[in-house]
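A quick write-up on the structure given underneath.
Have a look at this one:
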(Lines of atoms letter the chains of each structure in order from A; the text may use other names.)
(Lines give C-alpha, C1' and ligand atoms only; values in the text may rest on other atoms or scores of the structure.)
Protein backbone atom coordinates (compact mmCIF):
# COMPACT_ATOMS: atom_id res chain seq x y z
CA UNK A 4 0.00 0.00 0.00
CA UNK A 5 2.97 2.32 -0.46
CA UNK A 6 1.19 4.02 -3.37
CA UNK A 7 -1.58 4.99 -0.98
CA UNK A 8 0.93 6.49 1.46
CA UNK A 9 2.40 8.63 -1.31
CA UNK A 10 -1.01 9.96 -2.31
CA UNK A 11 -1.92 10.61 1.31
CA UNK A 12 1.27 12.65 1.63
CA UNK A 13 0.20 14.75 -1.38
CA UNK A 14 -3.19 15.36 0.25
CA UNK A 15 -1.66 16.37 3.58
CA UNK A 16 0.88 18.66 1.92
CA UNK A 17 -1.84 20.31 -0.19
CA UNK A 18 -3.96 20.93 2.90
CA UNK A 19 -1.02 22.57 4.69
CA UNK A 20 -0.26 24.74 1.66
CA UNK A 21 -3.92 25.74 1.46
CA UNK A 22 -3.86 26.79 5.12
CA UNK A 23 -0.82 28.98 4.47
CA UNK A 24 -2.40 30.47 1.34
CA UNK A 25 -5.61 31.25 3.21
CA UNK A 26 -3.63 33.09 5.89
CA UNK A 27 -2.02 35.41 3.31
CA UNK A 28 -5.17 37.48 2.81
CA UNK A 29 -4.77 37.46 -0.96
CA UNK A 30 -7.53 38.81 -3.17
CA UNK A 31 -6.43 36.72 -6.15
CA UNK A 32 -3.96 34.12 -7.33
CA UNK A 33 -3.33 36.17 -10.48
CA UNK A 34 -0.10 38.12 -10.66
CA UNK A 35 -0.68 40.33 -13.67
CA UNK A 36 -3.26 41.63 -16.10
CA UNK A 37 -2.26 39.03 -18.69
CA UNK A 38 -3.49 36.20 -16.49
CA UNK A 39 -5.18 34.45 -19.38
CA UNK A 40 -1.77 33.73 -20.91
CA UNK A 41 0.11 33.18 -17.66
CA UNK A 42 0.88 29.69 -16.43
CA UNK A 43 -1.41 28.36 -13.68
CA UNK A 44 -0.69 29.77 -10.24
CA UNK A 45 0.98 27.66 -7.58
CA UNK A 46 -2.30 27.28 -5.65
CA UNK A 47 -4.09 26.06 -8.80
CA UNK A 48 -1.34 23.50 -9.36
CA UNK A 49 -1.62 22.39 -5.72
CA UNK A 50 -5.41 22.02 -5.99
CA UNK A 51 -5.09 20.10 -9.26
CA UNK A 52 -2.52 17.80 -7.66
CA UNK A 53 -4.83 17.32 -4.68
CA UNK A 54 -7.70 16.41 -6.98
CA UNK A 55 -5.54 13.92 -8.89
CA UNK A 56 -4.21 12.32 -5.69
CA UNK A 57 -7.73 11.91 -4.31
CA UNK A 58 -8.88 10.29 -7.54
CA UNK A 59 -5.95 7.87 -7.35
CA UNK A 60 -6.78 7.03 -3.72
CA UNK A 61 -10.37 6.33 -4.72
CA UNK A 62 -9.15 4.06 -7.50
CA UNK A 63 -6.79 2.18 -5.17
CA UNK A 64 -9.49 1.68 -2.56
CA UNK A 65 -11.93 0.34 -5.15
CA UNK A 66 -9.95 -2.92 -5.02
CA UNK A 67 -11.03 -3.47 -1.41
CA UNK A 68 -14.37 -4.90 -0.33
CA UNK A 69 -14.56 -3.42 3.16
CA UNK A 70 -17.39 -0.95 3.74
CA UNK A 71 -15.13 1.87 4.85
CA UNK A 72 -13.52 1.95 1.38
CA UNK A 73 -16.93 2.97 0.00
CA UNK A 74 -17.29 5.64 2.68
CA UNK A 75 -13.91 7.12 1.75
CA UNK A 76 -14.85 7.02 -1.95
CA UNK A 77 -18.07 8.92 -1.25
CA UNK A 78 -16.19 11.53 0.77
CA UNK A 79 -13.61 11.89 -2.01
CA UNK A 80 -16.35 12.42 -4.58
CA UNK A 81 -17.74 15.28 -2.49
CA UNK A 82 -14.32 16.93 -2.25
CA UNK A 83 -13.81 16.40 -5.97
CA UNK A 84 -17.04 18.32 -6.64
CA UNK A 85 -15.87 21.17 -4.39
CA UNK A 86 -12.45 21.26 -6.07
CA UNK A 87 -14.10 21.33 -9.48
CA UNK A 88 -16.17 24.33 -8.39
CA UNK A 89 -13.20 26.18 -6.92
CA UNK A 90 -10.90 25.50 -9.87
CA UNK A 91 -13.56 26.84 -12.25
CA UNK A 92 -13.30 30.28 -10.64
CA UNK A 93 -11.33 32.91 -12.57
CA UNK A 94 -9.46 33.98 -9.43
CA UNK A 95 -8.58 32.15 -6.22
CA UNK A 96 -8.47 34.41 -3.21
CA UNK A 97 -7.52 33.48 0.32
CA UNK A 98 -11.12 33.57 1.54
CA UNK A 99 -12.23 31.04 -1.08
CA UNK A 100 -9.38 28.69 -0.17
CA UNK A 101 -10.11 29.19 3.54
CA UNK A 102 -13.72 28.18 2.93
CA UNK A 103 -12.55 25.10 1.04
CA UNK A 104 -10.28 24.24 3.98
CA UNK A 105 -13.23 24.56 6.33
CA UNK A 106 -15.38 22.24 4.24
CA UNK A 107 -16.64 19.32 6.27
CA UNK A 108 -16.07 17.14 3.22
CA UNK A 109 -12.35 17.91 3.02
CA UNK A 110 -11.97 17.40 6.73
CA UNK A 111 -13.83 14.09 6.48
CA UNK A 112 -11.41 12.89 3.81
CA UNK A 113 -8.42 13.92 5.91
CA UNK A 114 -9.82 12.07 8.91
CA UNK A 115 -10.62 9.04 6.72
CA UNK A 116 -7.04 8.97 5.50
CA UNK A 117 -5.62 9.31 9.01
CA UNK A 118 -7.70 6.30 10.04
CA UNK A 119 -6.60 4.28 7.00
CA UNK A 120 -3.00 5.12 7.81
CA UNK A 121 -3.38 3.37 11.15
CA UNK A 122 -4.85 0.08 9.92
CA UNK A 123 -3.46 -2.81 7.92
CA UNK A 124 -5.07 -3.25 4.53
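Numbering (my numbering), first residue to last: 4 to 124. From the three backbone atoms N, C-alpha and C, an ideal C-beta is built for every residue, glycine too. Since the structure is predicted, the reported quantities are computational estimates derived from the model, not experimental observations.
Open item on the list: Whether or not the region 20 to 29 and the region 102 to 112 are in contact is what I'm after, with contact meaning three or more pairs of Cβ atoms, one per stretch, closer than 8 angstroms; do they touch?
Closed with: yes
Task: Residues of its chain near residue 56, where Cβ-Cβ distance is below 6 angstroms and the 5 sequence neighbours each way are ignored - done: Counting from 1 along the chain shown, the entry for residue 56 is found at position 53. So the list reads 10, 13 and 14, once near-sequence residues are dropped.
Open item on the list: Within 10 Å of its beta-carbon, does residue 65 have 16 or more other beta-carbons around it, so buried, or fewer, so exposed?
Closed with: Residue mapping note: residue 65 aligns to position 62 of the chain shown, counting from 1. So residue 65 counts as exposed.
Open item on the list: Is it the case that the region 82 to 97 contacts the region 114 to 121, given that we only count it when at least three CB pairs across the two stretches are under 8 angstroms?
Closed with: no
Task: Spatial distance of residue 86 from residue 54 (CA atoms) - done: As a first step, residue 86 must be located in the chain shown, where it is residue number 83. As a first step, residue 54 must be located in the chain shown, where it is residue number 51. The alpha-carbon atoms of residue 86 and residue 54 are separated by roughly 7 angstroms.
Task: Between the CA atoms of residue 7 and residue 83 - distance to the nearest angstrom - done: Within the chain shown, residue 83 is the residue found at index 80, counting from 1. Within the chain shown, residue 7 is the residue found at index 4, counting from 1. If you draw a straight line from the Cα of residue 83 to the Cα of residue 7, it is about 17 angstroms long.
Open item on the list: Just to confirm the assignment: which complete alpha helix (DSSP H) runs, minimum length 4, are found wholly within the region 14 to 98?
Closed with: Runs of the alpha helix (DSSP H) inside the region 14 to 98: 45 to 64 and 70 to 90.
TODO: Can you tell me which of 108, 122, 98 and 88 puts its alpha carbon nearest to the alpha carbon of residue 29?
DONE: Against the chain shown, residue 29 aligns to sequence position 26. Out of 108, 122, 98 and 88, 98 has the C-alpha closest to the C-alpha of residue 29.
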